[in-house]
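J.: Questions regarding the structure given below will be posed in turn.
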Amino acid sequence: MHLDDLTNTSGEWLKGSGPESDIVISSRIRLARNLADFPFISRTTAADRAEIEKIFSGCIAALREANKMPEDTFYVQVEDLEDVDRQFLVERQLISREHAEGEGARAVAIDRAEQFSVMINEEDHLRFQVMHSGLDLESAWQQINSLDDLIEEQVTYAFSNKLGYLTACPTNVGTGIRVSVMLHLPALVITRQIEKVFKSLQKINLAVRGLYGEGSQALGDFYQISNQITLGLTEEELSKKVSDVVPVLIDYERQAREFLIRESHETLHDRVSRAFGILRTAQTISSEETMHLLSSVRMGVNLGLIGELEIATINKLFIHTQPAHLQKLSGLELDKFDRNVERAAYLRRQLNTDPTSESDPTQN
Amino acid sequence: MKCQKCEQRQATFHITDLVDGEPSELHLCEECAQNFLSPSAEDVAEVMPAMAGLLAQHLAVGETADQLARLDQRACPICSITFLEFRKQGRLGCPHDYVFFAEEIEPLLMNIHDQVHHIGKVPKRCPQGADQQTQLIRMRREMKEAINSENYELASELRDQIRDIESPSPPAADPAADED
Chain C
1 MHLDDLTNTS GEWLKGSGPE SDIVISSRIR LARNLADFPF ISRTTAADRA EIEKIFSGCI
61 AALREANKMP EDTFYVQVED LEDVDRQFLV ERQLISREHA EGEGARAVAI DRAEQFSVMI
121 NEEDHLRFQV MHSGLDLESA WQQINSLDDL IEEQVTYAFS NKLGYLTACP TNVGTGIRVS
181 VMLHLPALVI TRQIEKVFKS LQKINLAVRG LYGEGSQALG DFYQISNQIT LGLTEEELSK
241 KVSDVVPVLI DYERQAREFL IRESHETLHD RVSRAFGILR TAQTISSEET MHLLSSVRMG
301 VNLGLIGELE IATINKLFIH TQPAHLQKLS GLELDKFDRN VERAAYLRRQ LNTDPTSESD
361 PTQN
Chain U
1001 MKCQKCEQRQ ATFHITDLVD GEPSELHLCE ECAQNFLSPS AEDVAEVMPA MAGLLAQHLA
1061 VGETADQLAR LDQRACPICS ITFLEFRKQG RLGCPHDYVF FAEEIEPLLM NIHDQVHHIG
1121 KVPKRCPQGA DQQTQLIRMR REMKEAINSE NYELASELRD QIRDIESPSP PAADPAADED
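In order, the protein sequences belong to chains C and U. Under our numbering, the first residue of the first sequence carries the number 1, and numbering increases by one thereafter. Under our numbering, the first residue of the second sequence carries the number 1001, and numbering increases by one thereafter.
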């Protein structure tokens, strides 16, 4: 199993198959852990980091051998990767930007289905995540909890009875858990209600970020809702705090969509059709414009305004039109100008072919 | 003394803030101090990771520049991070910092989480309390030094002691977990 094997596929979480998957893209839970007998990352020496990496790679190898981790789990030394490959993993949501840009020995273990990834030597010694398609926090928690149990059998974590799992940043101490749900909320953006939603979420201590962690102007109208607090509540309670609010947001978004259909059907239909038209015919297109247009198309498919496209295909296009993905798919090193040309060509190929044939002619 | 912000109400909050690493004194009324100390909701959402640093900068409410400067110089005996470094980076240096800077960190945790007690998952094996945690880091360092100075007897003694602390006692019922 090799990193390049991922290029043409897309992760389980993009399949658009889970509950409420017209609006909820994915459910993700990550845990932060540190070994008891090493300093936190910022105070480690290069030798410490190498040792930590070795401990966890041994741990993962043992789990694989004992069939407790899928056999097709693969292990990548992030330090040895080319820039484009690191960027590829970031775009794929398998490592964080900080991990890509970090220093020294660091690694990631990923299963073939891309349901989990285990980052070694990120901000904490260990940060691992489980990602499921649609609204599915409960089973994501079960999966990550048992993964945590398995790793924990082999190592000793920094833990205090009073403060729980000790982390480099006090914002993660306690459970070390971050529960996030990624939502597609184009109608709330169009109807200018999104700011109001944010403000009310912040009041109940939930954070809102974009697809790649950006601020208020989220690319493609994707918003990640996550817990801010990690201490003083159980993992289940924190997860529930997030999952309780999601149905409300789904309901708001559906109402906004219904409102748009009812009050400005032609305008909405026009917006969706123009977006689809541009994506199918453009000769050069930026990543931002692509995300923006794909967002309209995605909503159009959900509302039945475009018939011939699968949600999974659009979900995939959001990721595969990112800079590193385009370069991996074409096998070429491309500057910004060439990427825009290649992106347009890729979109034309994907959107003008028979949607039932998933094969991707990677070469022109 | 009048509040420096609104110049109307009486200043009842005397805050020492760090501006570019230099302590500067602020005298504010209660209302202006509230606004100054609590970052806006947008800030919190956008710079979440920086939040600890941000809050840490405002920890020293009511302390003089002198006291703050002294606090900043305090260094953890295990990882040697100073409080100033923590305030700048918002990241701690080792697990022991939670004990060594407990007095300063507790209000910070209260600020972030509204709670200071963990009630979630507990690992099956963990060091008994903070003392052993600190001991582990120290012993590992001593073991490395022993190896470097070719004192292998001491190194293996230390290794055994580390194992004793790390392994759950009494020995777990699962013999498969006991591998080397």
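Ideal placement from N, C-alpha and C gives every residue a C-beta, glycine not left out. Predicted model only: the values in this text are computed from it and were never measured.
Spell out whether any CB of chain C is found under 8 Å from the CB atom of Ile-1147/U.
T.: Locating residue 1147/U in the second sequence gives position 147, where the first residue counts as 1. Ile-1147/U does not count as touching chain C.
J.: How far does the beta strand (DSSP E) with Met-119/C in it reach, from first residue to last?
T.: Taking the first sequence and counting its residues from 1, the one referred to as residue 119/C is at position 119. Where Met-119/C is concerned, the enclosing beta strand (DSSP E) stretches over 116 to 120.
J.: Check whether the region 312 to 320 of chain C touches the region 285 to 294 of chain C, counting contact only when three or more Cβ pairs, one atom from each stretch, lie closer than 8 Å.
T.: In short, these stretches touch, since the Cβ pair count reaches three.
J.: At a Cβ threshold of 8 Å, is Gln-1115/U touching chain C?
T.: Within the second sequence, numbered from 1, the residue matching residue 1115/U stands at position 115. Gln-1115/U counts as touching chain C.
J.: Can you tell me whether Ala-187/C is helix, strand or coil according to DSSP?
T.: As a position in the first sequence, residue 187/C is number 187, starting the count at 1. Residue state, collapsed to three classes: helix.
J.: Could you tell me whether the Cβ atoms of Val-90/C and Ala-100/C are closer together than 8 Å?
T.: Position 90 of the first sequence, counted from the first residue, corresponds to residue 90/C. Position 100 of the first sequence, counted from the first residue, corresponds to residue 100/C. Yes.
J.: Please report the distance separating the alpha-carbon of Phe-276/C from that of Leu-6/C.
T.: By 1-based counting over the first sequence, the position of residue 276/C is 276. By 1-based counting over the first sequence, the position of residue 6/C is 6. If you take the alpha carbons of Phe-276/C and Leu-6/C, they lie about 27 Å apart.
J.: Closer than 9 Å, Cβ to any Cβ of chain U: which residues of the region 147 to 167 of chain C, in chain order?
T.: For the region 147 to 167 of chain C, which is checked against every Cβ of chain U, the residues closer than 9 Å are Asp-148, Asp-149, Glu-152, Glu-153, Gln-154, Val-155, Thr-156, Tyr-157, Ala-158, Phe-159, Ser-160, Asn-161, Lys-162, Leu-163, Gly-164, Tyr-165, Leu-166 and Thr-167.
J.: For the structure I just gave you, are there three or more beta carbon pairs, one from the region 26 to 41 of chain C and one from the region 1084 to 1100 of chain U, closer than 8 Å?
T.: Verdict: yes, contact present.
J.: Which of helix, strand or coil does DSSP assign to Ala-1075/U?
T.: One-based indexing of the second sequence puts residue 1075/U at position 75. In the structure shown, Ala-1075/U sits in a strand (DSSP, three-state: E or B).
J.: Kindly confirm or deny that the region 198 to 206 of chain C and the region 1135 to 1146 of chain U touch, where touching means at least three C-beta pairs closer than 8 Å.
T.: Touching, no.
J.: Just tell me which of Ala-187/C, Glu-195/C, Arg-192/C and His-125/C has its CA closest to the CA of Gly-176/C.
T.: Numbered from its first residue, the first sequence carries residue 176/C at position 176. Among Ala-187/C, Glu-195/C, Arg-192/C and His-125/C, the Cα nearest to that of Gly-176/C belongs to His-125/C.
J.: So with Cβ pairs under 8 Å, would you call Gln-1161/U a contact of chain C?
T.: Along the second sequence, read from residue 1 onward, the residue named residue 1161/U stands at position 161. Gln-1161/U does not count as touching chain C.
J.: Need the endpoints of the beta strand (DSSP E) that Ser-26/C sits in, please.
T.: Walking along the first sequence from the start, residue 26/C turns up at place 26. Where Ser-26/C is concerned, the enclosing beta strand (DSSP E) stretches over 24 to 33.
J.: In terms of residue numbering, what span does the alpha helix (DSSP H) encompassing Ala-50/C cover?
T.: For the purposes of this step, residue 50/C is taken as residue 50 along the first sequence, with counting starting at 1. Note, Ala-50/C: alpha helix (DSSP H), 46 to 65.
J.: So that I know if they touch, is there some Cβ in chain C lying closer than 8 Å to that of Gln-1010/U?
T.: Your numbering for residue 1010/U matches position 10 in the second sequence. By this cut-off, Gln-1010/U is not an interface position.
J.: Using a Cβ-Cβ cut-off of less than 8 Å, list which residues of the region 218 to 230 of chain C approach chain U; keep chain order.
T.: If the cut-off is 8 Å between Cβ atoms, the region 218 to 230 of chain C has Gln-228, Ile-229 and Thr-230 near chain U.
J.: Between the region 97 to 114 of chain C and the region 229 to 246 of chain C, can you find at least three pairs of beta-carbon atoms closer than 8 Å?
T.: Too few Cβ pairs lie closer than 8 Å, so no.
J.: In three-state DSSP terms, what is Arg-1125/U?
T.: In the second sequence, counting from the first residue as 1, residue 1125/U sits at position 125. Residue state, collapsed to three classes: coil.
J.: Strictly below 7 Å CB to CB, what residues from chain C border Pro-1123/U?
T.: Here residue 1123/U is taken as the residue at index 123 of the second sequence, counted from 1. The contacting residues are Glu-152, Tyr-157 and Phe-159.
J.: Between the region 144 to 164 of chain C and the region 1107 to 1127 of chain U, do three or more beta carbon pairs fall short of 8 Å?
T.: Touching, yes.
J.: As a quick exercise: from Asn-121/C, Glu-123/C, Ala-140/C and Glu-122/C, pick the residue whose alpha carbon is nearest that of Val-130/C.
T.: By one-based count along the first sequence, residue 130/C stands at place 130. Closest option to Val-130/C, Cα to Cα, is Ala-140/C.
J.: Please report whether the beta-carbon of Arg-254/C lies at a distance below 8 Å from any beta-carbon of chain U.
T.: Residue 254/C sits at position 254 when you count from the first residue of the first sequence. It does not; no Cβ of chain U falls within 8 Å.
J.: On the criterion of 16 or more Cβ atoms from any shown chain inside 10 Å, does Met-1001/U qualify as buried, or is it exposed?
T.: Here residue 1001/U refers to the residue found at position 1 of the second sequence. Answer is exposed; the Cβ neighbour count stays below 16.
J.: Measuring only the C-alpha atoms, how far is Val-179/C from Leu-147/C?
T.: Here residue 179/C corresponds to residue number 179 of the first sequence, with the count starting at 1. Here residue 147/C corresponds to residue number 147 of the first sequence, with the count starting at 1. Roughly 16 Å between the two C-alpha positions.
J.: Quick check on Phe-128/C - is its C-beta less than 8 Å from some C-beta in chain U?
T.: As a position in the first sequence, residue 128/C is number 128, starting the count at 1. Chain U contact via Cβ: absent.
J.: Which class does Asn-161/C belong to by DSSP, given the choice of helix, strand or coil?
T.: Counting from 1 along the first sequence, the entry for residue 161/C is found at position 161. Residue state, collapsed to three classes: coil.
J.: Give the secondary structure of Leu-1092/U by DSSP, where H, G and I count as helix, E and B as strand, and everything else as coil.
T.: The residue labelled residue 1092/U in the question sits at position 92 within the second sequence. Here Leu-1092/U sits in coil by DSSP.
J.: Please report the straight-line C-alpha distance between Ile-190/C and His-265/C, rounded to a whole angstrom.
T.: Translated into the one-based positions of the first sequence, residue 190/C becomes position 190. Translated into the one-based positions of the first sequence, residue 265/C becomes position 265. Taking the straight line joining both Cα atoms gives about 13 Å.
J.: Can the beta-carbon of Arg-64/C be found closer than 8 Å to that of Glu-71/C?
T.: Your numbering for residue 64/C matches position 64 in the first sequence. Your numbering for residue 71/C matches position 71 in the first sequence. Yes.
J.: Give the interface partners of Gly-174/C over in chain U, defined as CB-CB distance under 9 Å, in chain order.
T.: Position 174 of the first sequence, counted from the first residue, corresponds to residue 174/C. Within 9 Å Cβ-Cβ: Leu-1109, His-1113, Gln-1115, His-1117, His-1118, Ile-1119 and Gly-1120.
J.: With 8 Å as the threshold, decide whether the Cβ of Leu-1092/U is near any Cβ in chain C.
T.: Indexing the second sequence from 1 puts residue 1092/U at position 92. Chain C, which has a Cβ nearer than 8 Å to the Cβ of Leu-1092/U, makes this yes.
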